[in-house]
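Report on one structure; see the data block that follows.
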Amino acid sequence: MGTKRLFKKNNLVLQKAIENELCGDFKSINEIANNLEISRQCVSKYVYKMWDLDLVEVTSAGIVTRNNKLYHEYKGNKYRLKKS
Numbered sequence: 019m020g021t022k023r024l025f026k027k028n029n030l031v032l033q034k035a036i037e038n039e040l041c042g043d044f045k046s047i048n049e050i051a052n053n054l055e056i057s058r059q060c061v062s063k064y065v066y067k068m069w070d071l072d073l074v075e076v077t078s079a080g081i082v083t084r085n086n087k088l089y090h091e092y093k094g095n096k097y098r099l100k101k102s
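Every number in this note's numbering is 18 more than the matching position in the sequence shown, counting from 1.
Following this line, the structure appears as structure tokens:
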């Protein structure tokens with residue numbers, strides 16, 4: 019079963035795959051889409067949904083928001099998740 023097909027059947031799998039891609043270094047939506055072999059639009063839909071959160075703080079590393087003990091950071095057009 020191909021990656022695209024698996025994600026179409028299970029949105030939770032897609033969301034977790036995107037979250038896994040976002041842990042660690044900052045990544046752009048294009049980088050995530052290429053790594054998961056899915057469309058940029060599909061990735062951006064989930065990333066923007068995850069970042070629709072209350073603002074916690076603005077730091078030199080970027081803007082940090084919080085949701086369920088995960089810190090969502092973005093700087094320019096790159097994103098990442100950090101466990102609190």
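The beta carbon of each residue, even a glycine, is placed where N, CA and C say it ideally should be.
Computed from a predicted model, the values in this text were never measured in an experiment.
- Membership of E55 in any alpha helix (DSSP H) is not indicated, and neither H nor E is assigned to it by DSSP.
- Counting C-beta atoms within 10 angstroms of its own C-beta, C41 has fewer than 16 neighbours from the protein chains shown and is therefore classed as exposed.
- At the C-beta level, V31 and I47 stay beyond 8 Å of one another.
- With respect to the 8 Å criterion, Y97 and K45 are classified as neighbours on the basis of their beta carbons.
- Its chain contains I47 as the residues whose beta carbon lies nearer than 8 Å to that of S62, once the 5 sequence neighbours on both sides are disregarded; these appear in chain order.
- About 6 Å separates the beta carbons of N53 and E39, which is inside the 8 Å limit, making them a contact pair.
- The secondary-structure analysis by DSSP pairs K45 across a beta bridge with Y97.
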